[in-house]
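J.: Top line first, the protein sequences correspond to chains Z and B.
57 is the number that this note's numbering gives to position 48 of the first sequence; each next residue is one higher, with no gaps.
181 is the number that this note's numbering gives to position 172 of the second sequence; each next residue is one higher, with no gaps.
Backbone N, C-alpha and C fix where the C-beta goes; we use that ideal spot for every residue, glycine too.
Since the structure is predicted, the reported quantities are computational estimates derived from the model, not experimental observations.
Let me give you the structure first, and then I'll get to my questions.
There are 2 protein chains.
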Amino acid sequence: MWQLFQFPLCPFSRKVRLMLGEKGVEHGLVRESPWLKRDEFIDMNPAGQTPVLVEDSKGTVLIDSNAICEYFEETIDRAPMIPGTAVNRAEVRRLVAWFDDRLYGEVVGPLIEERMKKRLISRDPPDTRVLREAMKVANNHLDYIDYLLDHRRWLAGPVLSLADLTAAAHLSVADYLGGIDWRGHKQTTDWYAVMKSRPSFRSFLGERMEVIAPPTHYDKVDFF
Amino acid sequence: MWQLFQFPLCPFSRKVRLMLGEKGVEHGLVRESPWLKRDEFIDMNPAGQTPVLVEDSKGTVLIDSNAICEYFEETIDRAPMIPGTAVNRAEVRRLVAWFDDRLYGEVVGPLIEERMKKRLISRDPPDTRVLREAMKVANNHLDYIDYLLDHRRWLAGPVLSLADLTAAAHLSVADYLGGIDWRGHKQTTDWYAVMKSRPSFRSFLGERMEVIAPPTHYDKVDFF
Ligand SMILES: N[C@@H](CCC(=O)N[C@@H](CS)C(=O)NCC(=O)O)C(=O)O
Ligand SMILES: N[C@@H](CCC(=O)N[C@@H](CS)C(=O)NCC(=O)O)C(=O)O
Numbered sequence: 010m011w012q013l014f015q016f017p018l019c020p021f022s023r024k025v026r027l028m029l030g031e032k033g034v035e036h037g038l039v040r041e042s043p044w045l046k047r048d049e050f051i052d053m054n055p056a057g058q059t060p061v062l063v064e065d066s067k068g069t070v071l072i073d074s075n076a077i078c079e080y081f082e083e084t085i086d087r088a089p090m091i092p093g094t095a096v097n098r099a100e101v102r103r104l105v106a107w108f109d110d111r112l113y114g115e116v117v118g119p120l121i122e123e124r125m126k127k128r129l130i131s132r133d134p135p136d137t138r139v140l141r142e143a144m145k146v147a148n149n150h151l152d153y154i155d156y157l158l159d160h161r162r163w164l165a166g167p168v169l170s171l172a173d174l175t176a177a178a179h180l181s182v183a184d185y186l187g188g189i190d191w192r193g194h195k196q197t198t199d200w201y202a203v204m205k206s207r208p209s210f211r212s213f214l215g216e217r218m219e220v221i222a223p224p225t226h227y228d229k230v231d232f233f
Numbered sequence: 010m011w012q013l014f015q016f017p018l019c020p021f022s023r024k025v026r027l028m029l030g031e032k033g034v035e036h037g038l039v040r041e042s043p044w045l046k047r048d049e050f051i052d053m054n055p056a057g058q059t060p061v062l063v064e065d066s067k068g069t070v071l072i073d074s075n076a077i078c079e080y081f082e083e084t085i086d087r088a089p090m091i092p093g094t095a096v097n098r099a100e101v102r103r104l105v106a107w108f109d110d111r112l113y114g115e116v117v118g119p120l121i122e123e124r125m126k127k128r129l130i131s132r133d134p135p136d137t138r139v140l141r142e143a144m145k146v147a148n149n150h151l152d153y154i155d156y157l158l159d160h161r162r163w164l165a166g167p168v169l170s171l172a173d174l175t176a177a178a179h180l181s182v183a184d185y186l187g188g189i190d191w192r193g194h195k196q197t198t199d200w201y202a203v204m205k206s207r208p209s210f211r212s213f214l215g216e217r218m219e220v221i222a223p224p225t226h227y228d229k230v231d232f233f
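Put into structure tokens, the structure is as follows:
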């Protein structure tokens, strides 16, 4: 069976978990904290990052969330997550890169650093300037998602795709860490409620990261 | 015809140019300096980044170097650049992500900032501490490429792939900016000499960025 090396608040691992869920791929979870730089983990992935997906019986090691998602898109026909024509598929991949680079780099990464890593590792207080900036930029990201949903049923077009899974993965971590103010974003909120209610998503909404509690709306499908 | 919005020292644009060259896709070049944040360019790509590839007659706009490369891999059979089994393809994509994230983030991006942007935009002197660190990390990257080439003919396996194009694109920009010390890296140097001599590569070795001259070995296939 596949084993996913991950930690509960890694958005790239959440993306892979959503993909595996949609594709119906059974897998176990192995807790890995990349900041501990465990030797055996670095040997497996020189980048030292989660997620890594391993199938011991075949000796297969898959690294990088997008390489992993493309692998399952190629090998499992069920529930295409990069659907449509070559142009449609390019649009899915554009948005995946946008969320992985920008939403992660400007919002989710800083929140993880300030609210999770500082708590678990250095025990410094969070830098409120960084937090304020991340939450401001989060609002711009929600505006862009609202805009996409004004023109399309799902983020990349008429059907669910890896773009939705990627955005939801990042937003769910930002939301856990109290970085999202959903008010005034009706389109995004409605879309996110639908995402939250998918079986692939519900499987990790109940998980908690030690010492850090999410806001009360975090795992409620209707935000109340 | 396709038009590529790019500037000469953008490594992601170079990756796309190598891909288009290998696939035999004719294209024109449009000079775009993303740091100028031209309104029409932002309208085309909300991320404000090069490369963007446009086919006006069809109204197609492709954004993000990897989305673009996957598009041509899907639509043009000639010269597969993500070749082999699903596991082989995952290894190509792992390395592409590694070079795009780490080699760019730790070496090429800082060199562009210190040696190109500061020269063109702020006119501040480069930060020598940042430059020294980038060049030290560049050396680790060459060690890793040496290691890959000790075990494989090309970076991701027995045949040329997008991993080679991506690494060569980033290294060529770092080399232009004087950030690479090739000594002591025989495997990488031999591999890079072969990459440099490919027609897809030679097409841009002659280009220059205004005000910044590359070292004399830059466009010499044999490094002398
Ligand atoms: N490109 C990678 C990025 C993965 C990533 O950034 N993972 C973070 C955790 S969310 C990590 O392991 N960070 C530790 C580090 O970079 O040292 C992917 O898509 O899988
Ligand atoms: N994920 C993008 C990254 C492209 C990128 O970072 N381009 C740089 C130039 S080398 C850029 O446009 N930077 C300007 C900016 O980020 O504002 C890709 O692969 O195409």
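Any heavy atom of ligand 2 closer than 6 Å to the beta-carbon of Ser66(B)?
T.: no
J.: Is DSSP giving Gly166(Z) helix, strand or coil here?
T.: strand
J.: So, does the region 90 to 106 of chain B touch the region 159 to 174 of chain B, judging by three or more C-beta pairs under 8 Å?
T.: yes
J.: Would a C-beta distance cut-off of 7 Å place Leu120(B) and Ala183(B) closer than the cut-off?
T.: yes
J.: Under 6 Å: does the beta carbon of Gln12(Z) sit that close to some heavy atom of ligand 4?
T.: As presented, the structure is devoid of ligand 4, carrying ligand 1 and ligand 2 as its sole ligands.
J.: Identify which residue in Leu38(Z), Trp11(Z), Arg211(Z), Arg102(Z) has its Cα closest to the Cα of Thr69(Z).
T.: Trp11(Z)
J.: I'd like to know if Val96(Z) contacts chain A, where contact means its C-beta is closer than 7 Å to some C-beta of that chain.
T.: Of the protein chains in this structure, namely Z and B, none is chain A.
J.: By the DSSP assignment, the alpha helix (DSSP H) with Thr197(Z) in it spans what residues?
T.: 195 to 205
J.: Closer than 7 Å by beta-carbon distance: list the chain Z residues that pair up with Ala76(B), in chain order.
T.: Ala99, Arg102, Arg103, Ala106
J.: With H, G and I counted as helix, E and B as strand and the rest as coil, what does DSSP make of Phe108(B)?
T.: helix
J.: Using a Cβ-Cβ distance cut-off of 7 Å, determine whether Tyr227(Z) contacts chain B.
T.: By this cut-off, Tyr227(Z) is not an interface position.
J.: Quick check on this structure: which residue in Leu29(Z), Leu112(Z), Cys78(Z), Val105(Z) has the alpha carbon closest to the alpha carbon of Asp152(Z)?
T.: Leu112(Z)
J.: Using a beta-carbon distance below 7 Å, is Tyr156(B) in contact with chain Z?
T.: Judged by the 7 Å Cβ criterion, Tyr156(B) is not in contact with chain Z.
J.: Residues bridged to Leu38(Z) by DSSP?
T.: Leu13(Z)
J.: Do three or more CB pairs link the region 215 to 230 of chain B to the region 123 to 133 of chain B at distances below 8 Å?
T.: yes
J.: Does the beta-carbon distance from Pro60(B) to Phe108(B) come in below 7 Å?
T.: no
J.: Under the three-state reduction of DSSP, which class applies to Glu100(B): helix, strand or coil?
T.: helix
J.: Could you check what DSSP says for Val182(B) in three-state terms: helix, strand or coil?
T.: helix
J.: Buried or exposed: where does Thr197(B) fall if 16 or more other Cβ atoms within 10 Å of its Cβ makes it buried?
T.: buried
J.: Indicate whether Val116(B) and Ala99(B) have their beta-carbon atoms separated by less than 7 Å.
T.: With contacts defined as CB atoms closer than 7 Å, Val116(B) and Ala99(B) fail to qualify as a contacting pair.
J.: Can we count Phe21(Z) as close to ligand 2, meaning its CB is less than 6 Å from some heavy atom?
T.: The closest heavy atom of ligand 2 lies 6 Å or more from the beta carbon of Phe21(Z).
J.: Should Asp73(Z) be flagged as near chain B, meaning a C-beta pair shorter than 7 Å?
T.: yes
J.: Closer than 7 Å, CB to CB, is Ala56(B) near chain Z or not?
T.: yes
J.: Compute the Euclidean distance between the alpha carbons of Leu13(B) and Val101(Z), then round it to the nearest angstrom.
T.: 20 Å
J.: For Lys67(B) and Ser181(B), I'd like the C-alpha separation in whole angstroms.
T.: 33 Å
J.: Across the region 202 to 212 of chain B and the region 19 to 34 of chain B, are there enough close Cβ pairs to call them in contact, namely three or more that are closer than 8 Å?
T.: Counting C-beta pairs with one atom in each stretch, the region 202 to 212 of chain B and the region 19 to 34 of chain B have three or more that are closer than 8 Å, which means they touch.
J.: Any chance the CB of Pro43(Z) is under 6 Å from a heavy atom of ligand 2?
T.: no
J.: Say the cut is 6 Å; is the CB of Asp184(B) nearer than that to a heavy atom of ligand 2?
T.: Checking every heavy atom of ligand 2 against the Cβ of Asp184(B), none is found closer than 6 Å.
J.: Looking at the secondary structure, which residues open and close the beta strand (DSSP E) in which Leu71(Z) lies?
T.: 69 to 72
J.: Hey, Pro17(B) and Glu216(B): beta-carbon distance below 7 Å or not?
T.: yes
J.: Within this structure, are the beta carbons of Leu27(B) and Leu174(B) separated by less than 7 Å?
T.: A contact, by the Cβ cut-off of 7 Å.
J.: Following a CB-centred definition, is Asp73(Z) positioned closer than 6 Å to any heavy atom of ligand 1?
T.: yes
J.: Determine the extent of the beta strand (DSSP E) in which Glu64(B) is found, giving its start and end residues.
T.: 61 to 64
J.: Can you tell me the Cβ-Cβ gap for Ile85(Z) and Lys46(Z), rounded? I've got them flagged as a contact below 8 Å.
T.: With a Cβ gap of about 33 Å, Ile85(Z) and Lys46(Z) do not count as contacting.
J.: Between Val105(B) and Leu171(B), how many whole angstroms is the CB-CB distance? I'm expecting something under 8 Å.
T.: 6 Å
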